[in-house]
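One structure is given here, and the rest of the page talks about it.
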Amino acid sequence: MTPKPTELLTVAEVLAELRIPRRTWQRWRELGTGPQCVRLPNRELRVRRSVLAAWLENLQEAA
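Add 25 to the 1-based position in the sequence shown for my numbering, that's all there is to it.
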């Protein structure tokens, strides 16, 4: 199954995909260096798959 670019990922899904600890994610959020998130009305965060892909692509170009 091909992921849809508009798919909203949970923080847990992003952590699993990037293989990072939650503390790293929290630090990126504090520093404003992580991928942009969507905050749902229930206050949970989601990350659009397309935003995560663009963020990773930008990191690759900067390396």
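Even for Gly, the Cβ is constructed at its ideal location relative to N, Cα and C.
Chain-order list of residues whose beta-carbon lies under 6 Å from that of residue i (same chain, five-residue window excluded)
i, result
"Gln-61", "Val-76"
Span of the beta strand (DSSP E), counted from its first residue to its last, around residue i
i, result
"Arg-48", "Premise fails: Arg-48 lies in the alpha helix (DSSP H), 47-56, not in any beta strand (DSSP E)."
Range of the contiguous alpha helix (DSSP H) that encloses residue i
i, result
"Leu-43", "36-43"
Cβ separation of residue i and residue j, assumed to be a contact under 8 Å, to the nearest whole Å
i, j, result
"Val-36", "Trp-53", "Not quite, the Cβ-Cβ distance comes to about 11 Å (not below 8 Å), so this is no contact."
"Leu-40", "Arg-48", "Contact flag wrong, Cβ pair sits at about 10 Å."
Per-residue burial, residue i [other beta carbons within 10 Å of its own, 16 or more giving buried]
i, result
"Gly-59", "buried"
"Val-63", "exposed"
Residues that DSSP places opposite residue i in a beta bridge
i, result
"Val-72", "Leu-34"
Close-in-space but distant-in-sequence residues of the same chain around residue i (CB under 7 Å, 5 per side omitted)
i, result
"Arg-71", "Leu-33, Leu-34, Thr-35, Cys-62, Val-63, Leu-65"
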